[in-house]
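Down below is the structure, laid out as structure tokens.
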Amino acid sequence: MRLLTALPDAARAAFRARVSGDPTGAPDWVRDIAQVGTGPGWFEPDGVVWRVHGDLSTLVGGVAALLGQAAHPLALAGVERHSAYREDPWKRLAGTARWLVVSTFGSAELAEREAARVRGMHRTVRGRVRGQAYSASDPVLLRWVHLAFTDAFLAAQQGVGRDLTARYGRRWPDVYVGEWARTARELGATDLPGNAAELAEALAAYRGELAPVPDSLRSFLAAPPGLSPPERVFYRGLSGAAAHLVSPTLAGCAGVPGRGRGGAAQLAVTRAQLRGLQVVLGSYSPSEEAARWRLGLGPAPAWAAEDAA
Numbered sequence: 001m002r003l004l005t006a007l008p009d010a011a012r013a014a015f016r017a018r019v020s021g022d023p024t025g026a027p028d029w030v031r032d033i034a035q036v037g038t039g040p041g042w043f044e045p046d047g048v049v050w051r052v053h054g055d056l057s058t059l060v061g062g063v064a065a066l067l068g069q070a071a072h073p074l075a076l077a078g079v080e081r082h083s084a085y086r087e088d089p090w091k092r093l094a095g096t097a098r099w100l101v102v103s104t105f106g107s108a109e110l111a112e113r114e115a116a117r118v119r120g121m122h123r124t125v126r127g128r129v130r131g132q133a134y135s136a137s138d139p140v141l142l143r144w145v146h147l148a149f150t151d152a153f154l155a156a157q158q159g160v161g162r163d164l165t166a167r168y169g170r171r172w173p174d175v176y177v178g179e180w181a182r183t184a185r186e187l188g189a190t191d192l193p194g195n196a197a198e199l200a201e202a203l204a205a206y207r208g209e210l211a212p213v214p215d216s217l218r219s220f221l222a223a224p225p226g227l228s229p230p231e232r233v234f235y236r237g238l239s240g241a242a243a244h245l246v247s248p249t250l251a252g253c254a255g256v257p258g259r260g261r262g263g264a265a266q267l268a269v270t271r272a273q274l275r276g277l278q279v280v281l282g283s284y285s286p287s288e289e290a291a292r293w294r295l296g297l298g299p300a301p302a303w304a305a306e307d308a309a
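Just so it is clear: in the sequence shown, position 307 is 307 by the working numbering, and no numbers are missing.
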């Protein structure tokens, strides 16, 4: 009986350690969300951005975003040549998660500090591929990465996340697109869409610049190394759903069906997987728990009590 009771705790700890890159599940940047600055940050507590990025659909959105972003040869070159994602994909995942959750849930002071850190990293990512120069600080390339990211996370929320319409109204996707654009502007992107229709048009305008995603990368994203057998089963659900949520503009290059090309059964399975995982993990991620504590909206996280002991 004691073993059965411990299973959810073990699963929760393993999952949070995996996605945060920290054995405790609460690395320093999660603790900073609780301790740096006061008051709300860039986004309204319990607003649309909080709810989209607090939903486990982000696990699917992250895979779909990588598939879509890699269709741009210059963006792909930046990742392939300036990160060790193949050797340590989970460190790369944790780095992306850090930017997402700190800018979402952190105070304005912390979000600005994080944006400065990312801008500094971007300044070192530059080079040439096939005669074309690329730079991670290029506003045009930053815009592309933001568009593919936003489209993927919005599609994931709509496809496998909780329905936000009852809470925020039918226009919530427009609110998400418009509000989340702030983070891209902070990094240097310009000419960003303000609603879902503009987002789709902006993505479509890139068609002439896109190229097929290499088979090696698609295979890597379909089955990254280092997963245990249960994790591999769960991840297949995430990647299977992501294949049916990539923008129709990008799906051909990504070698996946994309949105609107079937996949209802796969999305239903993945949705059920995420609901089960939510039961194990609880209502809020460690990052949102930290933000709620900072704002006086919730109790102290477990790690805070341990630090005080």
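Glycine included, every Cβ here is placed at the ideal spot set by N, Cα and C.
Everything numeric in this text was worked out from a predicted model, so none of it was measured.
Residues near residue i by beta carbon distance below 7 Å, same chain, minus five either side
| i | result |
| --- | --- |
| L56 | L274, L277 and Q278 |
| E311 | There is no way to answer for residue 311, as the model of the chain reaches only from 1 to 309. |
| V52 | F153, Q157 and Y176 |
| R162 | D55 |
| T165 | W172 |
| G178 | G194 and N195 |
| S287 | V30, I33, V101 and F105 |
| A300 | W293 |
| V63 | L221, L238, S239 and A242 |
Distance CB(residue i)-CB(residue j) smaller than 9 Å
| i | j | result |
| --- | --- | --- |
| A241 | V269 | yes |
| H122 | S107 | no |
| L250 | A148 | yes |
| A184 | R143 | yes |
| A196 | L238 | no |
| P248 | G260 | yes |
| R128 | W42 | no |
| P230 | A243 | no |
| Q69 | V60 | no |
| L199 | D151 | yes |
| V221 | L67 | Per the sequence presented here, residue 221 reads as Leu, with Val not at that position. Yes. Within cutoff. |
| L74 | L217 | no |
Backbone secondary structure at residue i - three-state DSSP
| i | result |
| --- | --- |
| L203 | helix |
| G258 | coil |
| G127 | strand |
| T96 | helix |
| R51 | helix |
| T349 | A question about residue 349 goes unanswered here, because the residues of the chain that appear run from 1 up to 309. |
| E153 | In the sequence on display, residue 153 carries Phe and not Glu. The answer is helix: DSSP assigns F153 an H, G or I state. |
| E44 | coil |
| R119 | helix |
| G78 | helix |
| A211 | coil |
| G276 | helix |
| A108 | helix |
| A305 | helix |
| L297 | coil |
N- and C-terminal bounds of the beta strand (DSSP E) containing residue i
| i | result |
| --- | --- |
| A133 | Q132 to S135 |
Residues near residue i in its chain [Cβ-Cβ closer than 8 Å; skip 5 each side]
| i | result |
| --- | --- |
| Y284 | G54, R292 and G298 |
| R294 | I33, A34, Q35, G37, T38 and S107 |
Residue range of the alpha helix (DSSP H) that includes residue i
| i | result |
| --- | --- |
| P173 | W172 to L187 |
| S287 | P286 to R294 |
| R162 | Segment: none, R162 is in no alpha helix (DSSP H) and carries neither H nor E. |
| S59 | For the sequence presented, residue 59 should be read as Leu rather than Ser. Its alpha helix (DSSP H) spans residues T58 to Q69. |
CB contact check: residue i to chain B, cutoff 9 Å
| i | result |
| --- | --- |
| S247 | In summary, chain B is missing from the structure at hand, where a single protein chain is found. |
Entirely enclosed beta strand (DSSP E) segments - the region 223–274, minimum 3 residues: Counting only runs of 3 or more, we get nothing.
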